[in-house]
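Working notes, structure below.
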Amino acid sequence: MNDLSYPEQGASATGTLPDGYHHLRHRALVGHGRAALEVAGAALLGWRMHRLAGVRIDAGAEPAAPGLAVHCAIGLGPLRAGAPNRVLATVDGPDRYGFTYGTRHGHLARGEETFAVELGPDGSVWFTVTAFSRPVARYARLAGPLLPLAQRAFARRCGRVLAAIAADAA
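For the sequence shown, the residue numbers in the working numbering are 894 to 1063.
This is the structure in structure tokens:
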């Protein structure tokens, strides 16, 4: 089922981001060693990272899998914004875990994000977010530069959450 709201599907996973969108590339060290990688990977694929970062997730299944519809809700109370997405692809080890999801119709923006954790050659575990998006909803367009700032803050928060989860594995 292709109910995605943009044509450049899969671009965030390649790293070549399309023109006409706000681009986000974030990388954070979250731990060291295989145990940290596996715990962070499970938290990422099982939606735990999102939930601990403050996102209400209704995925209908865990872990993330291609084709899975995911409804994210961000914000507080009446200011909570729904964000329907669909998982496009996943990577499930052994040295990299992650997924890409894209926006479905009804999302306040149009685009996609790839979240990943990866074991470096030196044993370091890195979290990355690669995304492209542009606002669609009128109130999102009116927010102007605040949405990219919020997206960047969310990426940093996800990195901190995964670092705390990985530290528990040590």
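Glycine is no exception: its CB is placed at the ideal position from the N, C-alpha and C atoms. Since this is a predicted model, take the numbers as computed values, not measurements.
The segment 953-1031 contains, as complete beta strand (DSSP E) runs of 3+ residues, the segments 962-967, 974-985, 989-996, 1002-1012, 1017-1028 (chain order).
Measuring C-alpha to C-alpha distances from residue 984 to each of 975, 965, 934, 997 identifies 934 as the nearest. If the five residues before and after residue 929 are omitted, its C-beta is found closer than 6 Å to the C-beta atoms of 1018, 1059, 1062, all from its own chain and listed in chain order. By the CB criterion at 8 Å, residue 953 and residue 966 fall outside the cutoff. Taking each of 951, 950, 942, 938 in turn and checking the Cα distance to residue 957, the smallest one comes out for 938.
If you compare the alpha carbons of 1052, 1040, 1009, 978 with that of residue 907, the shortest gap goes to 1009.
Among the bridge pairs identified by DSSP, residue 1061 is matched with none.
Around the Cβ of residue 1039, a 10 Å sphere holds fewer than 16 other Cβ atoms; the residue is exposed.
Of all C-beta pairs linking the segment 910-922 to the segment 976-994, fewer than three are shorter than 8 Å, placing the two stretches out of contact.
Distances from the CA of residue 975 to each of 946, 922, 944, 1000 were compared; the closest alpha carbon is that of 1000.
Going by DSSP, residue 917 is part of the beta strand (DSSP E) stretching over 915-925. Within a 10 Å sphere around the beta-carbon of residue 901 sit 16 or more other beta-carbons, which makes this residue buried. If you draw a straight line from the Cα of residue 1057 to the Cα of residue 936, it comes to about 11 Å.
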